[in-house]
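This report concerns only the one structure given below.
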Amino acid sequence: MFISDLFVGFGAQILSSVTAAFALAAIGLNIHFGYTGLVNIGQAGFMLLGAYGLALTIRYTGSFVLGVIAGVLAAVIFAFILGLPTLKLRGDYLAIVTIAAAEIVRIVGGDQALAPVTGGVAGIQGSQYQPAFTALSPFGPSGTFTIGPYTYPLSAGDSWWLRIVGWGLVGLAVVLVLLLMHSPWGRVLRGIREDEDAMRSLGKNVYLYKMQSLVLGGAIGALGGMVYVLSASVQPDSLGRTTTFLLYTGLLLGGAATVFGPVVGVILYFIIISALQAFVGEFVPTTIVSAQQIPQITFILVGIGLMLLVIFRPQGILGNKKELRFGD
């Protein structure tokens, strides 16, 4: 029973719209870090801006399409504001700036002085914007559908409709990255990652390419933020620093600078988390680890695993060690 329940849980994680949302954001982060070498520790900020842009636009206009446009546009503007003064920075300095920028977005979103607009710490309830997405469903507004052990609503809430859209966007993003990274533009990005001065000597505008990479990866991250909040609510603290570190864990696990690495890594991350929680809850006595401590123990084990991964297999599962190595 335990093993069968465990595998059912694995399937639920693979189907989950949350997994799809983080896979999208990790694809965007891969464009930044994996292909261009930008150490962006603020991808959660792009996700949060996409979520707020979607929710606020739907609240005031009722249009889901305008909400998506507004969310992507907010991420693009943020990328320009962030990139114009900082893209000449390298390594640790860029990391500090990006994590600070993401924290500014989170803190402003949670500011109680802006509560009439952003909802403050409480955020924006899903009931204010989710119906606009549900109305686009071809399956009707109500009802459920079952595939094997998985039963979800057809359209409302955390539905099959949301899963189809979320994983459909992941598929489109993968195809986009595949095409771009096999184009001259993608080869320039890889060259910038390896040696900026060499690219400049070839007449390439390194600053412009970095900006394009930041904008594209941020826009894909914003789409991930939209998918994430379509089954929940927009709360600033739910997309904070921990989110970006989760994305890096999935990216490094699957393999940075690979097309499918971010998707595989994020799926494996959630499966590992699910498995560890299940095993600790099943086999470790409550006198040693209480139910409230299980998530913390799980994240400790994942952190140890990430350190071992970076030490012994920095290229991840699908990566090429000759192409991407730490400390070179």
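What the sequence shown shows, in the working numbering, is residues 3 to 330, in sequence order.
Idealized CB from N, CA, C, for every residue including glycine.
Please state whether DSSP places Pro-118 in a helix, a strand or coil.
helix
Quick one: what does DSSP say Val-236 is sitting in, helix, strand or coil?
strand
Under 8 Å by Cβ, that's how I've got Tyr-154 and Ser-161 pegged, so tell me the actual separation to the nearest angstrom.
6 Å
For Ser-276, which residues of its own chain have a beta-carbon under 7 Å away from its beta-carbon, when the five flanking residues on both sides are left out?
Gly-11, Phe-12, Gln-15
Does the ligand NAD have even one heavy atom less than 8 Å from the beta-carbon of Ser-292?
Of the ligands one can find in the structure shown there are none, so the ligand NAD has no counterpart to examine.
Between Arg-327 and the rest of its own chain, which residues show a CB-CB distance below 8 Å, the 5 nearest in sequence each way excluded?
With a pLDDT of only 47 at Arg-327, under 50, the local geometry of the prediction cannot be trusted, and no value is derived from it.
If you draw a straight line from the C-alpha of Leu-17 to the C-alpha of Gly-321, how long is it?
24 Å
Quick one: what does DSSP say Tyr-131 is sitting in, helix, strand or coil?
coil
Measuring straight from C-alpha to C-alpha, what distance separates Ser-157 and Met-3?
31 Å
Please classify Ser-6: is it buried, with 16 or more other beta-carbons within 10 angstroms of its beta-carbon, or exposed?
exposed
Span of the alpha helix (DSSP H), counted from its first residue to its last, around Ile-296:
296-314
Excluding sequence positions up to five away, which residues of its chain have a Cβ less than 7 Å from the Cβ of Leu-8?
Ala-277, Ala-280
Taking Pro-118 as the reference, which of Ala-234, Gly-170, Leu-58 has the closest Cα?
Leu-58
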